[in-house]
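Read in order, the letters of the sequence shown correspond to residues 17 to 221 in the numbering used here.
Beta carbons: idealized from backbone N, C-alpha and C, even for Gly.
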Amino acid sequence: MGSASRMVSCLCCPFKCLACGLCSCLCSILISLLVTVAVLALIFYLLFRPHMIAATVDSVSLTRFSLGSNSILSYSLNVTMNVRNPNKHVGLYYDDVDSVALFEGQRFGYAPLDPFYQSTEATTRLTPAFTGQQPIRGDVAAADLRSQQTDGKFNIDVKLNARLRVKVWAFKVPGPKCKVTCPLSVPAPATNSAQFQPTDCKVWF
17 MGSASRMVSC LCCPFKCLAC GLCSCLCSIL ISLLVTVAVL ALIFYLLFRP HMIAATVDSV
77 SLTRFSLGSN SILSYSLNVT MNVRNPNKHV GLYYDDVDSV ALFEGQRFGY APLDPFYQST
137 EATTRLTPAF TGQQPIRGDV AAADLRSQQT DGKFNIDVKL NARLRVKVWA FKVPGPKCKV
197 TCPLSVPAPA TNSAQFQPTD CKVWF
């Protein structure tokens, strides 16, 4: 009865049956594609096992960091940072690269950097330089700066931002946005404080 009813329905409205068949076919194709992509992603991960980027600040040079009138900060900070790609099979393109310097969460310096490519297991040295003047907002931040100057060290955060592209063999695919954060304890200018210690950075995607 049911089979005969469906046959009559198809005879009365063949376009309806055609639409149902196309919908079923498209759903099957879509599910097959999703399964294929998931399997390929798993194989890719198991084969290449991508590792996290590593970054270290090896040296800093702070020749000026003082408050003037109207809480204007004058600064001159040079940073030497090494960024390493530990992967054996994956190359990395770094696009839209920039770095910023912050004190007490306030950005006081900005330095755009050239895009670059890292081959497998390669290390790239970056040297962002921050020089200029910038207002510091709030009495607390100004008081912290004067207190740290007395202590002989400034707590400064340097951050690196980049858009990644991943290269596997001859294939290049878009990657995530990379954020590198380096919390630094920087000796104040013209002090006898301890030398800067190389500092590992945190990498976020």
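DSSP three-state assignment for residue i, whether helix, strand or coil
| i | result |
| --- | --- |
| Leu129 | coil |
| Ala158 | helix |
| Thr52 | helix |
| Ser163 | helix |
| Phe64 | Its pLDDT being 49, under 50, Phe64 is placed unreliably in this model, and the value from its coordinates should be taken loosely. Helix, per DSSP. |
| Ile172 | strand |
Per DSSP, the bridge partner or partners of residue i
| i | result |
| --- | --- |
| Leu83 | Leu89 |
| Val189 | Val182 |
| Cys41 | DSSP lists no partner for Cys41. |
| Asp216 | Thr72 |
| Ser135 | Per DSSP, none; premise fails for Ser135. |
| Arg153 | Arg153 pairs with nothing; no bridge assigned. |
Pairwise C-alpha distance: residue j and residue i
| i | j | result |
| --- | --- | --- |
| Phe212 | Pro203 | 6 angstroms |
| Asp114 | Val95 | 13 angstroms |
| Ser77 | Arg181 | 31 angstroms |
| Leu142 | Pro190 | 23 angstroms |
| Arg80 | Gly125 | 13 angstroms |
| Leu49 | Ser40 | 14 angstroms |
| Asp160 | Pro102 | 38 angstroms |
| Ala70 | Val156 | 34 angstroms |
| Ser85 | Gln165 | 17 angstroms |
| Leu63 | Pro205 | Only weak support exists for where Leu63 lies, its pLDDT of 48 falling under 50; the value from the coordinates is given anyway. Rounded to whole angstroms, Leu63 to Pro205 spans 49 angstroms at the Cα level. |
| Thr139 | Ser44 | 46 angstroms |
Within 9 angstroms, strictly: CB atoms of residue i and residue j
| i | j | result |
| --- | --- | --- |
| Phe221 | Lys188 | no |
| Gln150 | Leu93 | no |
| Tyr91 | Gly148 | yes |
| Lys183 | Gly107 | yes |
| Ala158 | Leu46 | no |
Heavy atom of the ligand FMN within 8 angstroms of residue i beta-carbon
| i | result |
| --- | --- |
| Val113 | The ligand content of the structure shown is nil, which means the ligand FMN is not present either. |
Three-pair Cβ contact test at 8 angstroms for the segment 166 to 180 versus the segment 101 to 121: yes
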